[in-house]
Each structure stands twice: as C-alpha cells, then as structure tokens.
Amino acid sequence: MKSLDVVCIGVVLLDLPVGPVDPQIFHHETTMVDKIRLTTGGDAFNESVILSRLGKKTGLIGHIGRDIAGEMIIKRCIEEGICYDGLFLDPEGETRINIVLIDPEGQRKFLKTQNQVSRSFLPEDIDYELIKRARAVSLASIFSSKLRNTDTIFKIVQTAREHQIITFADMVPMTGGEGMADLKGILPYLDYFLPNFEEARMLTGENEPDQMADSLLQNGVRNVIIKLGKDGCLIKNKKERHLLQAFPAKAIDTTGAGDNFVAAFIASILDGNNLRDSGDFANAAAALSTEAAGAVEAVKNKNQIEAYRVKNRGIIITR
Ligand SMILES: Nc1ncnc2c1ncn2[C@@H]1O[C@H](COP(=O)(O)OP(=O)(O)OP(=O)(O)O)[C@@H](O)[C@H]1O
Ligand SMILES: [Mg+2]
Numbered sequence: 015m016k017s018l019d020v021v022c023i024g025v026v027l028l029d030l031p032v033g034p035v036d037p038q039i040f041h042h043e044t045t046m047v048d049k050i051r052l053t054t055g056g057d058a059f060n061e062s063v064i065l066s067r068l069g070k071k072t073g074l075i076g077h078i079g080r081d082i083a084g085e086m087i088i089k090r091c092i093e094e095g096i097c098y099d100g101l102f103l104d105p106e107g108e109t110r111i112n113i114v115l116i117d118p119e120g121q122r123k124f125l126k127t128q129n130q131v132s133r134s135f136l137p138e139d140i141d142y143e144l145i146k147r148a149r150a151v152s153l154a155s156i157f158s159s160k161l162r163n164t165d166t167i168f169k170i171v172q173t174a175r176e177h178q179i180i181t182f183a184d185m186v187p188m189t190g191g192e193g194m195a196d197l198k199g200i201l202p203y204l205d206y207f208l209p210n211f212e213e214a215r216m217l218t219g220e221n222e223p224d225q226m227a228d229s230l231l232q233n234g235v236r237n238v239i240i241k242l243g244k245d246g247c248l249i250k251n252k253k254e255r256h257l258l259q260a261f262p263a264k265a266i267d268t269t270g271a272g273d274n275f276v277a278a279f280i281a282s283i284l285d286g287n288n289l290r291d292s293g294d295f296a297n298a299a300a301a302l303s304t305e306a307a308g309a310v311e312a313v314k315n316k317n318q319i320e321a322y323r324v325k326n327r328g329i330i331i332t333r
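If you read the sequence shown in my numbering, its first letter stands for residue 15, the second for the next number, and so on.
Here it is as structure tokens:
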C-alpha cells in the first residue's frame with residue numbers, strides 16, 4: 015500500500031507581487047503602491063497545494079534555502095497538508111523570491127535571481143525513495159530552471175516505470191535551444207504529457223494541435239493533453255480524441271491556470287475517471303482558478319469544482 019498518491023517535482027519559491035508600479039519609480043525617492051504581497055509559488059508548489067486540497071496525499075520535491083523564506087514555505091506545506099520530506103534545504107543557497115512588478119495596465123515584469131537554489135536538479139539531488147512511496151509522479155515543468163538536466167528527468171521516469179508509478183509531465187517554453195531530440199529518450203516513459211499550445215508547437219514544429227499530439231504520440235507518449243487556454247484542451251492517444259471546450263470564466267488572473275489544470279487532471283485520473291471526464295474536470299478547475307487573483311486562491315476542494323461544472327456546464331465536443 016502506497017503512503018502517497020503523488021509526488022510533485024519542480025520549482026518552489028515565493029512571489030512578491032507589487033503594484034500598480036509607475037514606470038518612473040527610479041526618479042522618485044518613494045512611490046506609493048496599492049499592494050505589496052508575499053505568496054508561495056512555483057509550478058511544483060502550486061500543483062501540490064491543489065492536489066492536497068483535492069484530497070490527494072501529496073509529496074513535494076523542491077529546493078529551498080535554510081532561511082526565513084524557506085521557513086515560510088515549510089509552514090505553508092504544513093498548513094496545506096503537503097509532505098515536505100523531499101524538500102532539499104540548502105545551507106548554501108537562498109530561497110528564491112520573485113519580485114513581480116505590475117504596471118498600471120496590469121502587465122507583469124519579473125525580477126529574479128539566479129543562484130545555487132535555482133540551478134537544475136542533478137540526478138543525485140532527487141529523493142527516489144519518496145517517489146517510490148507514491149502512485150504517481152508529476153514533473154511540474156520540463157525545461158524549467160529545476161528540470162533542465164535530462165539525465166535527472168530520465169532517472170526519475172525510469173524509476174517510476176520500474177515501480178509501476180504513473181508519470182505526468184508539464185513543460186515550459188524552451189529558452190536554451192532545446193528541442194524534441196533532448197526528450198527522445200524521455201517521452202516513451204511519459205504516461206500523460208500536458209504542454210500548452212505554444213510549447214507543443216515549439217517542441218514538434220507543427221502548427222495544429224492534432225498534428226502536435228500525433229507527433230508526440232509517435233515519439234512514445236501514451237496520452238497527450240494540449241492545454242489551449244480559453245479554448246480548453248485537446249486530449250489524444252492512439253485510440254481516443256477529445257476536444258474539450260473551456261468553461262466561460264470571468265478571468266481576472268490566469269497565473270497558475272496550467273498548474274491548476276494539471277493538478278485537477280492528475281487527481282481525477284487517480285480517482286479512476288476516464289480521459290474525457292478528467293479533461294473536463296481539469297478545464298473547470300483551471301477556469302475557476304482564473305476568477306481570483308493569485309495561483310491557488312480560488313480552488314478549495316473537489317465539491318466546489320463539481321458545483322462550478324454543473325453551474326457552467328461546458329459543452330463537450332468529441333469528433
Ligand atoms: N480565459 C480562460 N477561460 C477559461 N479557461 C481558461 C482560460 N485561460 C485558461 N483556461 C484554462 O486553463 C487551462 C490552462 O491554460 P493554458 O492553456 O494557458 O496553460 P498554460 O499556458 O500551461 O498555463 P500557465 O500560464 O499557468 O503555465 C486551459 O486548458 C483552460 O482549461
Ligand atoms: Mg504552463
């Protein structure tokens with residue numbers, strides 16, 4: 015019997031959104047803003063929070079410093095019921111804090127640091143015993159700062175395959191010239207791959223979601239889920255195809271919509287639901303997540319998503 019449902023691996027950090035910020039700030043001694051907040055973030059942290067709220071026993075593998083910011087992250091893990099045994103507390107690094115400057119039009123600009131804590135995980139950094147305790151593992155974002163080393167990713171998915179652990183993976187756009195060739199050995203180990211439209215386009219060189227999915231399936235992925243923003247998602251495997259419309263959200267902040275989607279999708283698959291139902295549930299969770307500011311402010315539990323689904327019943331198109 016497994017003690018965890020899923021382990022999320024990836025970026026864990028604090029976000030410091032500030033706004034609205036006048037672009038002329040450096041010409042003044044002091045500038046007043048409406049809000050300066052401090053919130054937890056990072057793809058793996060966001061996924062863990064939502065999975066835990068959806069009733070899944072969730073472990074987190076991330077990298078933080080032994081500092082006040084790191085203590086805050088651990089406190090949030092405790093509050094959300096996330097197992098943080100897999101957090102690597104680095105005595106030599108500082109927990110990442112992203113400063114998010116929001117201009118008067120709502121556009122965001124980021125200030126980030128590059129340090130020991132933001133470097134890619136090496137194969138030996140990962141707690142494989144924690145992964146073996148779980149039914150599923152989620153690579154929160156392939157090509158993110160923490161998951162750039164393909165040897166590390168390969169060792170994770172290989173361990174998962176050896177122990178019949180289901181693999182899920184999201185990604186971020188490549189910024190270092192990486193491409194399909196870098197993932198050749200990894201894709202056949204992915205049970206569910208969930209890139210967004212732009213990422214799938216960059217990776218496959220195709221322009222249509224169906225062709226993108228076909229290319230990924232040919233490269234060995236078992237199930238491809240392409241997130242299409244306000245157009246919902248396309249799910250495809252060798253036998254099935256589902257184009258699922260998004261829910262009509264009153265979107266005010268789409269930050270973390272992808273993380274909410276992936277977490278809800280994983281929770282639904284682990285509950286034994288089929289691809290179409292899981293995609294629709296994920297569309298609902300992600301749409302709901304856009305209706306509040308912040309990545310994990312809106313989604314609280316499964317019943318809330320089910321109620322949202324009933325209220326805004328999305329039209330499901332299958333062709
Ligand atoms: N405006 C919107 N209205 C309704 N649903 C939305 C909207 N934007 C996003 N979604 C939902 O969120 C999901 C994920 O969004 P998107 O395709 O932008 O993924 P992503 O780019 O990985 O997100 P992120 O920017 O968080 O990484 C979509 O598949 C859809 O279900
Ligand atoms: Mg994304």
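Even for Gly, the Cβ is constructed at its ideal location relative to N, Cα and C. Just so it is clear, the structure is predicted and the values come from calculations on it, not from any experiment.
For residue i, which residues in the same chain have their Cβ closer than 7 Å to its Cβ, ignoring the five residues on either side in sequence?
i           : result
residue 148 : 16, 18, 19, 20, 21, 73, 179
residue 158 : 24, 25, 57, 186
residue 262 : 326
Whole angstroms are fine: how far does the CA of residue j sit from the CA of residue i?
i           : j           : result
residue 291 : residue 45  : 49 Å
residue 217 : residue 230 : 9 Å
residue 333 : residue 128 : Low per-residue confidence applies at residue 333: pLDDT is 46, beneath 50, and the placement is therefore not dependable enough to give any value.
residue 266 : residue 215 : 26 Å
residue 126 : residue 108 : 12 Å
residue 110 : residue 28  : 6 Å
residue 314 : residue 121 : 27 Å
residue 251 : residue 41  : 56 Å
residue 150 : residue 96  : 15 Å
Going along the chain, which residues of its own chain have a beta-carbon closer than 6 Å to the beta-carbon of residue i, five neighbours each way excluded?
i           : result
residue 115 : 32, 35, 123
residue 156 : 183, 185
residue 57  : 24, 25, 154, 155, 273
Which residues share a DSSP beta bridge with residue i?
i           : result
residue 248 : 240, 257
residue 302 : None; residue 302 has no bridge partner.
residue 29  : 53, 112
residue 142 : The partner list for residue 142 (beta bridge, DSSP) is empty, contrary to what the question assumes.
residue 97  : 73
residue 103 : 78
residue 206 : 182, 237
Looking at the structure shown, is residue i part of a helix, part of a strand, or coil, going by DSSP?
i           : result
residue 326 : coil
residue 131 : helix
residue 67  : helix
residue 149 : strand
residue 333 : Any reading at residue 333 must be qualified, since the residue scores a pLDDT of 46, below 50, and its modelled position is unreliable; no value is offered.
residue 157 : coil
residue 315 : coil
residue 230 : helix
Taking the alpha helix (DSSP H) that residue i falls in, what are its first and last residues?
i           : result
residue 262 : It is not in any alpha helix (DSSP H) - residue 262 carries neither H nor E in the DSSP assignment.
residue 215 : 211 to 218
residue 197 : 194 to 197
Counting along the chain, where does the beta strand (DSSP E) carrying residue i start and finish?
i           : result
residue 18  : 18 to 23
residue 185 : 180 to 185
residue 72  : 72 to 79
residue 122 : 122 to 125
residue 40  : Residue 40 -> no beta strand (DSSP E), and no H or E assigned at all.
Excluding the five sequence neighbours on either side, which residues of its own chain have a C-beta within less than 8 Å of the C-beta of residue i, listed in chain order?
i           : result
residue 210 : 240, 241, 242, 243, 272
residue 163 : 134, 135, 136, 137
Would you say residue i reaches chain C, if we count a Cβ-Cβ gap shorter than 7 Å as a contact?
i           : result
residue 215 : In summary, chain C is missing from the structure at hand, where a single protein chain is found.
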